[in-house]
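Line by line, the protein sequences give chains A and B.
For the first sequence, the working numbering assigns the number 32 to the initial residue and increments by one for each residue that follows.
For the second sequence, the working numbering assigns the number 14 to the initial residue and increments by one for each residue that follows.
We put the beta carbon where it would ideally sit given N, CA and C, even for glycine.
In what follows, a single structure is set out as C-alpha cells and then discussed.
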Amino acid sequence: MDNKIILLVEDNPDDVDLTIRALIKKKILNKVVVAHDGAEALDYIFQTGMYQGMKRTLPTVVLLDIKLPKIDGLEVLRRIRTNEQTKLLPVVILTSSKEEQDIFSGYKLGANSYVRKPVDFEQFADAIQYLGLYWLIVNEPPPIS
Amino acid sequence: MIHSIEQPKKNTILELLSQLCAISAASIGLITLLGWILGLHMFATYGITNIPMAPSTALCFVLFGAALFFRQRYSINRRTHFIGLFVGVVIGLCALLLLYVSLKGIHPEIEHLGFSIENSFDKIIIGHMSPLTAICFVLCALAFLLFLSSTLVSVKRGWATLLLSLLVFFTASIMLIAYLLETPLMYTANLIPPSLPSSLAFLFLSFSMLVGAGLQLQHANSLKKDTSSFVPIFIIVMFIVFTTIIIVGSANLYQSFKRNLRTEISEQLSAISELKVNQMTLWRNERIGDGRLFYKNFAFSASVKRYIQSNNDRDAKKSILTWMEQIQNAYSYNMILLLDPQLNSILQYPEIEGQIRVVADQKERDSVLSGNIVFQDFYRNDKDQKVYLKLLVPILEEHFPNRVIAVLMLRISPERYLIPIVKQWPIPSKTSETLIIRKDSNCITFLNDIKFYNNSLLNLTIPLTKKDVLAVKAATGYSGYVEGIDYRGQEVCGYVRSVPNSPWFIVAKTDKEEAFESLNEKLWQIIIFSIALFFCGGAGIGFLYRYQQYLFYKGQMQLMENVKSSEMRYRRLFEAAQDGILILDAETGRVVDVNPFLIELLGLTKEVFLNRKVWELGFLKDAIANEDNFKELKEKGYVRYEDMAMEAHNGERHEVEFVSNVYVVDGKNVIQCNIRDISSRVHAEMERKKAEETLKVNEALLDSIINNSTSLIYVVDTEGRFLLVNKTLELLFSKSREKLVGQTREGVMPKEAAEEHWKNDVEVMKSGKVKIIDEHNPEHDGMHTYLTIKYPLFNSEGEVYAIGGMSTDITERKRAQDGIKKLNAELETRVLERTSELDLANKELTAFSYSVSHDLRAPLRAIDGFSLALLEDYAPELDDQGKDKLQRIRSATQRMGRLIDDLLSLSRVSQLDLKRKSLNLSSVAQEIANELQKSDPSRDVEFSISPDVTVNGDKELLNIALANLMQNAFKFTSRHAKAQIEFGVTAQNGTRTYFVRDDGAGFDMRFAEKMFGAFQRMHSSVDFSGTGIGLATVRRIVSRHGGKIWAESEVEKGATFYFTLV
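Next comes the structure, spelled out in C-alpha cells:
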C-alpha cells in the first residue's frame, strides 16, 4: 500500500486541500502527488520539465480535473492514452462539471471512471473514499513497469 | 372416290384398244379389196389352201369397221349416230338377205363387185359371203345398233350389246382356231365356209364392241354407284385376251409339233423310198448286165449261129445249154429261152414240154430286133399264173453287128428277189409299206404284194381319176412328200418317187394314224397344259378381280367411313352451333331436325318441333310464319330476313337474323334455316349510339373548355404544323383556325421564338416524355413568358405522331414572383445574420452554463468543506451558536449547489435536441417509484401505475418530467401517514391526457397558473424543501413535446397534474 501513489491533478488549492482532507478522513494514507495544471501532470507522468531526470513512481490512479490551466484534463487524458507506456494507466476524472459533453469526451478518451465532485463535503469525502478503496485496494492494477 | 379417279386412265387405254380393233377390222376388209383389185389373192386368203374373203364381205367390214371406229373415237352426236344407224341397218339387212339366198343355194353375181372370180376353189364356191359370216354380220349389226342406242341409263341395251358381241367373239374365235388347227370349218360342207380374214375381222369387230359396251356399262355403274353389278371391264378384257393367248399359243405349239413331225416323217419316208429305188435300180441294172453277158458275146453267138445253121448241132446245143445253165444257176432265172427272131422258142432251159410262146408287143419286138436289150415288165404267165419279168437280149452275129440272129430270153421271178427288197421295211411298223406301181393307160397297177390286199400283184388297179390316192398322185407326176388316201381309202402320208429308167413308181407310205400317233399324245399334253394354264390364269385373274373388288369395297368402306365421320362432324357443328338451326322437309315444310341451341333459346322440347310446320309453331312473329313465304322460299331457294322478331316460350322476345336455303340431299329437297340471335347485337348497336351521343356531348364540352381557356392550347404534328388550335391562340395570332391549321409557327411568330418552340417540340418528340418549360414570345407590349406543358401523342404503334401543348401566359405572375424572390433573398441574408448572432449568444450561453456548473460549484464546495473542517477541527473552541451558524452556512451552500443544478437542468432541457421514440411511460414511472420508495423506506406510500402507457417522446426529457412530478407527489404527501400516488392516462376533451395524482397537501387553485414559473413555490421551505424550478422544467419539457400541462387541486385534498403530449 505504501508504494501506491495517487496523482491528483487539480488547479484549485481549495479542492486539493479538501480532497486530501477527504482521503485522510477516510484513512487512505497513500502518497498523493499533486499537479496544479495539465502540463505539470504530464511532466510528472512522462518525466519531463521540472520532473526531468527525477526518479518517480507511476501513480496507481490519476484523479484528473477537466478544467485545468495550460493543458486541460481531456488533453492530458489523451496524451496518457496515446503513450504506449501509460495507455493502461487508470485515470479517474474528478470534476465539478456535469456536462454530458465532458462525460462523453472523457469516456471516449479512455477514462476509467467519471466522478462529479458534490458540493456537500461529506458526500465528496464518501466519493473519495469509494474511489480510494476501489482503485487502490479492490482493483488489480495493470502491469506497468 | 378412289375408283372414279383411277378408272379414266384405264379407260383411255381400253378405249384406244377398242378403236384400234375397229380400225383393224376395217383394214382387213380394205386389204382384201386391194388384193382383189391387184389380183394378189394372198391378201384375201392368207394362205394358199384357204379360200379368199368375198368382196362383198370385205366391203361390209370396211363400212362396219369405219362406223364402229367413229362411234368409239368421237363423242356421240347426230352425225356419228346417223352414220352408225345407217351402216348398221344396211349391213344387217344385206347380211340377212345374203344369208337367205346363200342358204337357198343362190349366189348372186353382184357379190363379186365387178371382180372376175373363178367360181370355185377346190369345189368350194368362192367370192360369196358365207352364211356363217352373214349370221355374224347380222349379230354384229344388231349389237352395233343396240350399242348406238344404248345410253348411260339404258343398262339393259349395254348388256345386250355385250352379250351379242361375246357371241360373235366366240364364233370368230372358233373359226380362227379351226384355221389355226388347219381344219377350217365348213370346207367339206356344201355351204360356203368363212374365210380366215373374215374370222380375224370378226374377232376384231366383236372385241371392239365388247370393250366399248363394257366401258359404257362400267361408266353407267360407276355413275349409279351400283356396286352389286360391278364387273370391271378390265377383268373381262384381260380374261378374253388371256384365253385367246392360250388358245393361239396352244394351237401354234401343236402346229409346230405337227410340222416337225411331218418333216421327220417325210425325211424318213424319203430315205426309205430312196433306198428302195436305189435297190431296184441296182437290181434292174444287174439284170441288164446279165443280158449284156450274151449281148455281143461272139462265142455264144457263134454257138447259136452254129446251132441255128446246123440244126440240132449237139456241140452247139451243149455249149448254149452250158451258158444257160451257168446263168440260171448264178442269177436265179427260172427260165432261159433262146428264140429265133420271130421270137419262137428254139432252145430252152430248163427243158420243158411244149411250145413256149413269148409274148411281146411290137415295140419290144422292134427294139430287140434292132439290137437293144429290152427289159420286159411284170406280166402274168398264162400257164402257171405267176408273175415274171423278162429280159430280151438280142444275139448279134459276130461279123454283122446289126444282124440279130437270135433272141435270148431270160425270165426271172420278182418274188425271188425284187419283191422282198421292196417289201422289206427298215423299222418295225404296222402300216408302213412300199408300193411299186406302174401307170397303165387309164389306171395304175400295183406291182407288188401289199399288206392289206391279197394277191395285189397286177391284180389291183386304181383308176387315175382317184387323185386322192397316193399311188395315183405318184403316177400323175407328184414327187416327194404327199398326203392322201391309200388303196384302202385310209388316210396316209407317203413319199413318192419314180424309179429311173423304168415305168415304175415307188410309194413309201405309212398310215397317218400311225405316223402322227405321237402327235396325239402331244395334243393331249398341250390340251392338258392349256387347261391347266387356263385355270391358273383364270384363278389369277379371279384373284385379281377379287383383289380389285376388295380394293373397291375397301374404298367404298373408306368412303362410307369418311361420309360417317363427315356426318358426325356436321352433326357436332349442328349441335354445338351458336345459331339456331332448323331442318325442314321442302315438300311439307315440316320440321325434320332442330338443334339444341334453338330448343334452348325458345325454351321448348324437341318433340314439340318435330313433324310440325314452322308456321304452326308460332315462335316467328311475321314474314316466314305463313305458307306464302314458304312457297317463295321454295321457289327462290334462298331467303334472308335481317331483323325478325321471335318469341320464346316464356314470352321473351329476341331479335333474330333468319337465313334459309334449299339444297338437295339424296334426291330430296331439304330446307335449312339458320336463326341467329342478334338481340345482343341490336342492344350493342343502341349502346354504341348512346356512346356516340355521349361522345359528342363530351366533345362539345371539351371544345368549349379548350376554347374558353385563357391558355393557348394546340397540337402540332411532327413537322411542326398546327393540327389543332383554340380560340385564345386564334386571338393571339389574329388568324382564324382554318388559316392556322396546317401552318407552321414561322408564319405567325418571329423566327427566334418559333425556333425556340420547335426545339422544345423536338425534345418532347425524341424523349417521348412530358415537358414543362417556360417559353417566350415577343408581343406588342414586350416579351411574354408562357408556362408551357408539352406532351407527346402516341399512335397505336407507340410512335409519337404529334405534340400537344398548353401555354399559359405567366408574364404578370413572373414579375410578381421576381419581386418575391428578391425579398426572400434579402430576408435570407437577414436571417443568416440573426442566426449567427443567435449562435453566438447560444455559444455564450453554453459557456455561461458551463462556467456556472463548474466554476460556481467549486467555491460552494470550498465553503461547505471548510465550514465542516471548522466544525470538526475547531469544535472545542466554538460555542453552540457558532456551530449553528456554521451549520447554516453549510446548508445554504448546499441549497445553492442544488439551485445551480436545477437551473442547469432547466437550461439543458431547453437546449437538448428532442429525440422522439416509442416509450413505455409506465415502466419509467415504475422505476421512479422504486427509487422513491428506496430513498425513504420508512414511508408508507402506495404507487398505482397504469400498465403499458406508451408515448412517442424523448426518453431522457420525459424521465426528468415524470421524475419531477412524482418527486413532488412523494414530497407533498410526506406529512400524511399513508399516501397514494397514481400514474395513468385518461381522455380529456378527446385528447390523451396523462396524469400524476397524489392525496397530499394540495394547493390553492388560485395560484395554479403561477406554479409553473421558475422559482415559484407554493409552500415554505420549512414545510417542503424545493428550488421552485422543477415544475418550470416539466412545463418546458411538455411544451417541447407540443403538449400542455395543468393541475387540479384543493388544499389538503391532494393534487393532480395533467399533461398532454403530441
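Which whole-angstrom value is the C-beta distance of residue i and residue j, which I expect to be below 8 Å?
| i | j | result |
| --- | --- | --- |
| residue 785/B | residue 773/B | No, residue 785/B and residue 773/B are not in contact; Cβ-Cβ is about 10 Å, not under 8 Å. |
| residue 405/B | residue 351/B | The Cβ separation is near 11 Å, so there is no contact. |
| residue 874/B | residue 150/A | 5 Å |
| residue 381/B | residue 372/B | Going by Cβ atoms, the distance from residue 381/B to residue 372/B rounds to 13 Å, so no, they are not a contact pair. |
| residue 109/B | residue 151/B | 6 Å |
| residue 516/B | residue 452/B | 7 Å |
| residue 120/A | residue 93/A | 6 Å |
| residue 198/B | residue 41/B | So it is not a contact: roughly 18 Å between Cβ atoms. |
Assign residue i to one of three DSSP states: helix, strand, or coil.
| i | result |
| --- | --- |
| residue 241/B | Here the model assigns residue 241/B a pLDDT of 46, short of 50, so the residue's position is not dependable, and the following value carries that caveat. Three-state result, residue 241/B: helix. |
| residue 1057/B | coil |
| residue 734/B | coil |
| residue 867/B | helix |
| residue 267/B | helix |
| residue 147/A | strand |
| residue 210/B | helix |
| residue 87/A | coil |
| residue 319/B | helix |
| residue 820/B | strand |
| residue 1080/B | Any property of residue 1080/B remains undetermined from this structure, which presents chain B solely from 14 to 1075. |
| residue 1043/B | helix |
| residue 294/B | helix |
| residue 42/B | helix |
| residue 625/B | coil |
| residue 140/B | coil |
| residue 655/B | strand |
Among the options, which one has its Cα closest to the Cα of residue i?
| i | options | result |
| --- | --- | --- |
| residue 52/B | 583/B, 38/B and 68/B | 68/B |
| residue 78/B | 154/B, 130/B, 108/B and 127/B | 154/B |
| residue 444/B | 501/B, 169/B, 206/B and 770/B | 501/B |
| residue 118/A | 63/A, 77/A and 84/A | 77/A |
| residue 331/B | 429/B, 313/B and 374/B | 313/B |
| residue 329/B | 1050/B, 319/B, 336/B and 337/B | 319/B |
| residue 399/B | 310/B, 427/B and 374/B | 427/B |
| residue 32/B | 1008/B, 201/B, 117/B and 224/B | 224/B |
| residue 48/A | 65/A, 113/A and 83/A | 65/A |
For residue i, count the other beta carbons within 10 Å of its own beta carbon; 16 or more makes it buried, fewer makes it exposed. Which is it?
| i | result |
| --- | --- |
| residue 531/B | exposed |
| residue 49/B | buried |
| residue 107/B | buried |
| residue 277/B | exposed |
| residue 139/A | exposed |
| residue 928/B | exposed |
| residue 272/B | exposed |
| residue 85/B | buried |
| residue 240/B | Reliability fails at residue 240/B, whose pLDDT of 48 lies under 50, so the model's placement of it is uncertain and the value that follows must be treated cautiously. With fewer than 16 Cβ atoms within 10 Å of its Cβ, residue 240/B is classed as exposed. |
| residue 135/A | exposed |
| residue 1048/B | buried |
| residue 887/B | exposed |
| residue 830/B | exposed |
(request) Using a Cβ-Cβ cut-off of less than 8 Å, give me the residues of the segment 1044-1072 of chain B that come near chain A, in sequence order. (result) none
(request) Identify each residue in the segment 874-893 of chain B for which the Cβ-Cβ distance to at least one residue of chain A is less than 9 Å, and report them in chain order. (result) 874, 875, 876, 877, 878, 879, 880, 881, 882 and 885
(request) Quick one: which residues of the segment 999-1020 of chain B get their C-beta closer than 8 Å to a C-beta of chain A? List them in chain order. (result) Close to chain A, meaning a Cβ-Cβ distance shorter than 8 Å, is no residue of the segment 999-1020 of chain B at all.
(request) Compile a chain-ordered list of the residues in the segment 79-93 of chain A whose CB is closer than 8 Å to at least one CB of chain B. (result) none
(message) Give me the subset of the segment 38-72 of chain A whose CB atoms are less than 7 Å from a CB atom of chain B, sorted by chain position.
(response) Within the segment 38-72 of chain A, those residues whose Cβ lies closer than 7 Å to any Cβ of chain B are, in chain order, 43, 45, 46, 49 and 52.
(request) Note down, in chain order, all residues in the segment 143-165 of chain A with a beta-carbon under 8 Å from any beta-carbon belonging to chain B. (result) 148, 149, 150, 151, 152, 153 and 155
(request) Quick one: which residues of the segment 124-139 of chain A get their C-beta closer than 9 Å to a C-beta of chain B? List them in chain order. (result) So the list reads 126, 127, 128, 129, 130, 131, 132 and 133, given in the order they occur along the chain.
(message) Output needed in chain order: residues of the segment 107-119 of chain A with a Cβ under 8 Å from some Cβ in chain B.
(response) none
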